[in-house]
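In the numbering used here, the protein residues as written are 22 to 314.
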């Protein structure tokens, strides 16, 4: 039985990955900052490891007797007051050093689709910096490039619930986001393969206008879209770069960029965004002021 470490197990993708590894009969070790965060996942976890990726000393022994390391570690919010360099780069590098020390056979890392063409973005720079570390580590590796998650599309559902949607420019740029369960299955299936890189998106390609239309349809509402000129986006980013820190404008810079370019990855999966919207619309209504994970 192969043994896997899942770092990022309590995040959106990590939860699905943990479940899929267990479904495929792997022995699982899950990294978390506290046992409480793993309570809802305990049936998928053979062993907990409590540690913090930004604290190398807390990770000692984390990869002992592990065959595969899976990491979806990366900043998704700013609550912890950490930087992208501290988490996305150094945190993953700390894991990698432990993996090398223990002779792990493979390291799987979740990056971002089209990363090589967005090297001017601060969020992407730290991920690419770690990718370079991984490639020269001597370990077998797989870098996965997903094209956005269904969970990211909840922002469109929130706008639809409020009755008005917003897009930058024409709203005609295209994307094919992927469901977390489908992505997890692809990652685990590839864990024993020879691929070094895996670019992947969902089965359906949408313009951002079409995503909003699907979100409004979920509520049975008439579509209302406000289109924000690109010069406003560029001006806002210029102001934020000057007056705010990287950890503040970095995520905004990234999301504003991906909303205004075409991002179409190889299609995979059986889950559809329209179904996801219908399934989650009531959660938006109940939790208007809360972030849905």
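All C-beta atoms, glycine included, are put in the ideal place defined by N, C-alpha and C. If you're wondering where the values come from, they're calculated on a predicted model, not measured in any experiment.
Per DSSP, reduced to three states, the secondary structure at residue 92 is strand. Short of 6 Å from the beta carbon of residue 190, and not among the five residues preceding or following it, lie these beta carbons of its own chain, in chain order: 251, 281. Judged by DSSP secondary structure, residue 235 falls within the alpha helix (DSSP H) whose first and last residues are 229 to 240. The C-beta distance from residue 195 to residue 154 rounds to 32 Å, too long to meet the 8 Å contact threshold.
Judged by DSSP in its simplified three-state form, residue 23 adopts coil rather than helix or strand. Around the Cβ of residue 253, a 10 Å sphere holds fewer than 16 other Cβ atoms; the residue is exposed. When the beta-carbon positions are compared, residue 208 and residue 73 stay at least 9 Å from each other.
In the three-state scheme derived from DSSP, where H, G and I count as helix and E and B as strand, residue 33 is classed as helix. For residue 64, the three-state secondary structure derived from DSSP is helix. In the structure shown, the three-state DSSP call for residue 177 is helix. Only residues of its own chain outside the window of five on either side were considered, and among them 186 have a CB closer than 6 Å to the CB of residue 180, listed in chain order. In the DSSP assignment, residue 248 falls within the unbroken beta strand (DSSP E) covering 246 to 249. For the pair of segments examined, the region 214 to 226 was found to touch the region 278 to 294: the number of CB pairs separated by less than 8 Å reaches three. DSSP, reduced to helix, strand and coil, places residue 161 within a strand of the structure shown. For residue 213, the secondary structure class from DSSP, reduced to helix, strand or coil, is coil. Residue 300 counts as exposed, since fewer than 16 other beta carbons sit within 10 angstroms of its beta carbon. Taking the Cα positions, residue 227 is about 12 Å away from residue 236.
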